[in-house]
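K.L.:
Protein sequence lines, in the order shown, are assigned to chains A and B. According to my numbering, the stretch in the first sequence is residues 35 to 192, in order. According to my numbering, the stretch in the second sequence is residues 35 to 192, in order. Every residue gets a Cβ at the ideal spot worked out from N, C-alpha and C, and that includes glycine. Sharing a structure with you now.
2 protein chains.
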Amino acid sequence: MRTPLNDPAPCEDPLRLDRQLCFQFYAASNLIGRLYAPVLARLNLTYSQYLVMLVLWEEDGQNVGAIGKRLHLDTGTLTPLLKRMETLGHLVRQRDREDERRVRISLTASGKALREEALHVPEIMTRGQDLEELDGLRRTLAGVVEALKGGRPRPDRA
Amino acid sequence: MRTPLNDPAPCEDPLRLDRQLCFQFYAASNLIGRLYAPVLARLNLTYSQYLVMLVLWEEDGQNVGAIGKRLHLDTGTLTPLLKRMETLGHLVRQRDREDERRVRISLTASGKALREEALHVPEIMTRGQDLEELDGLRRTLAGVVEALKGGRPRPDRA
DNA sequence: CTCAATTAAATTGTGCACAATATAAGTCCG
DNA sequence: CGGACTTATATTGTGCACAATTTAATTGAG
Numbered sequence: 035m036r037t038p039l040n041d042p043a044p045c046e047d048p049l050r051l052d053r054q055l056c057f058q059f060y061a062a063s064n065l066i067g068r069l070y071a072p073v074l075a076r077l078n079l080t081y082s083q084y085l086v087m088l089v090l091w092e093e094d095g096q097n098v099g100a101i102g103k104r105l106h107l108d109t110g111t112l113t114p115l116l117k118r119m120e121t122l123g124h125l126v127r128q129r130d131r132e133d134e135r136r137v138r139i140s141l142t143a144s145g146k147a148l149r150e151e152a153l154h155v156p157e158i159m160t161r162g163q164d165l166e167e168l169d170g171l172r173r174t175l176a177g178v179v180e181a182l183k184g185g186r187p188r189p190d191r192a
Numbered sequence: 035m036r037t038p039l040n041d042p043a044p045c046e047d048p049l050r051l052d053r054q055l056c057f058q059f060y061a062a063s064n065l066i067g068r069l070y071a072p073v074l075a076r077l078n079l080t081y082s083q084y085l086v087m088l089v090l091w092e093e094d095g096q097n098v099g100a101i102g103k104r105l106h107l108d109t110g111t112l113t114p115l116l117k118r119m120e121t122l123g124h125l126v127r128q129r130d131r132e133d134e135r136r137v138r139i140s141l142t143a144s145g146k147a148l149r150e151e152a153l154h155v156p157e158i159m160t161r162g163q164d165l166e167e168l169d170g171l172r173r174t175l176a177g178v179v180e181a182l183k184g185g186r187p188r189p190d191r192a
């Protein structure tokens, strides 16, 4: 039996920070957010707000739930986020007449115009990188995200 | 010249959400945190607190800055986080006598004992997964994190 | 020795994330 | 119609992240 803090085989210690895949995601996500912040600040957007804009630039007038489904965020995150974005003038929130439970999110003129500015962002952030490599990684991670969405596919409980 | 929202080649639209590598990291990190939460709750830890414990289980008695360097977090995040963990009884914070600017973080007996419980966590979280594949991905991401740490290695500005 | 510069941590203020709960609108069955 | 049920969003409360600033201890040049 092993005593705490005296693992006889520390290199195989399952709790070593560097061995945790989850930590690599956590660290990368935080560091990426920090790199985007100053670039997006010039568009008067936070990183999360930028993601919402990406969703709305693809299709304007979606309701809160549809945006949340796309970004894997719930209303506890989105409602205040969208209110801040409305205050900033990027979009407007209005109850759906057809179904008063829903809130439709529509870009303002300035919100639509902001897309032109944002077109530079991906280029700025990937400058000097191997685009083939980044795209391969993106595909790999898209698969990981897909697997995580399902709460992880159990191993076919044999 | 392209008009906003009417890109003639939408499949090559650089702003499509699914094409953003950053979003895959963001989504994966959030989803992973959600999967860990219920498992770690049984240890009375949040995900961030778990990471701090991993660092301290490797080496007890580090100061705030050393922990922050390891996790890529600053004192604005760590100070309140460590105070909460002290309240929970996982660790104690005490000024270093040698250098009164420093605060040394030491595990309590229960904090050390918690490691035994935590040993199950990596196994629970990776159950049913291809461990070779996860380790390959971990290595790839470790490289990405390393690159991000340097604020990204400029392309040797030729 | 003294005071400017540096370093370590804490504080302040903003903006996410998320679980849990609440509110209210729509649906459906008898 | 009417009440159970479901769906869509909002609210509440906690805990991060992080930039910017502050406080206090240490270092170091003159």
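From the DSSP output, which residues share a beta bridge with I139(B)?
P.N.:
R127(B)
K.L.:
Could you give the distance in angstroms between the alpha-carbon of G110(A) and the alpha-carbon of R131(B)?
P.N.:
Straight-line Cα distance between these residues: approximately 45 Å.
K.L.:
Would you say L79(B) faces chain A, with C-beta separation under 9 Å as the test?
P.N.:
For L79(B), the nearest beta carbon of chain A is not closer than 9 Å to its own beta carbon.
K.L.:
Helix, strand or coil, according to DSSP, for N64(A) in the structure here?
P.N.:
N64(A) carries a helical assignment under DSSP once its states are collapsed to helix, strand and coil.
K.L.:
Taking only the alpha-carbon atoms, compute the straight-line gap between G123(B) and S63(B) and give it to the nearest angstrom.
P.N.:
Rounded to whole angstroms, G123(B) and S63(B) show a C-alpha spacing of 27 Å.
K.L.:
Which partner residues of N97(A) appear in the DSSP bridge assignment?
P.N.:
R138(A)
K.L.:
Out of curiosity, what's the CA-to-CA distance linking G184(B) and D164(A)?
P.N.:
Their backbone Cα atoms lie some 17 Å apart in a straight line.
K.L.:
Let me see if you follow: with CB-CB separation under 9 Å, is D130(B) close to chain A or not?
P.N.:
no
K.L.:
Tell me, please, whether the stretch 90-105 of chain B touches the stretch 61-75 of chain B by the rule of three or more beta-carbon pairs shorter than 8 Å.
P.N.:
no
K.L.:
Do you know how far the Cα of K146(B) is from the Cα of A75(A)?
P.N.:
One C-alpha to the other measures close to 43 Å.
K.L.:
Going by the beta-carbon positions, is the gap between L115(B) and V89(B) smaller than 9 Å?
P.N.:
No Cβ-Cβ contact shorter than 9 Å links L115(B) with V89(B).
K.L.:
With C-beta atoms as the reference, is Q54(A) less than 9 Å away from R172(B)?
P.N.:
yes
K.L.:
From what residue to what residue does the alpha helix (DSSP H) around G184(A) run?
P.N.:
Per DSSP, G184(A) belongs to no alpha helix (DSSP H) and is neither H nor E.
K.L.:
At a Cβ threshold of 9 Å, is A159(A) touching chain B?
P.N.:
The residue you asked about is not Ala; residue 159(A) is Met in the sequence shown. With 9 Å as the cut-off, M159(A) counts as an interface residue toward chain B.
K.L.:
Going by C-alpha to C-alpha distance, which of N97(A), T174(A), Y84(A), G99(A) sits closest to H154(A)?
P.N.:
Checked all of N97(A), T174(A), Y84(A), G99(A); the closest Cα to H154(A) is Y84(A).
K.L.:
What number of angstroms, rounded off, separates the C-alpha of R136(B) from the C-alpha of D94(B)?
P.N.:
15 Å
K.L.:
Return helix, strand or coil for P114(B), following the three-state DSSP convention.
P.N.:
helix
K.L.:
Using the three-state DSSP reduction, which class does D133(B) fall into: helix, strand or coil?
P.N.:
coil
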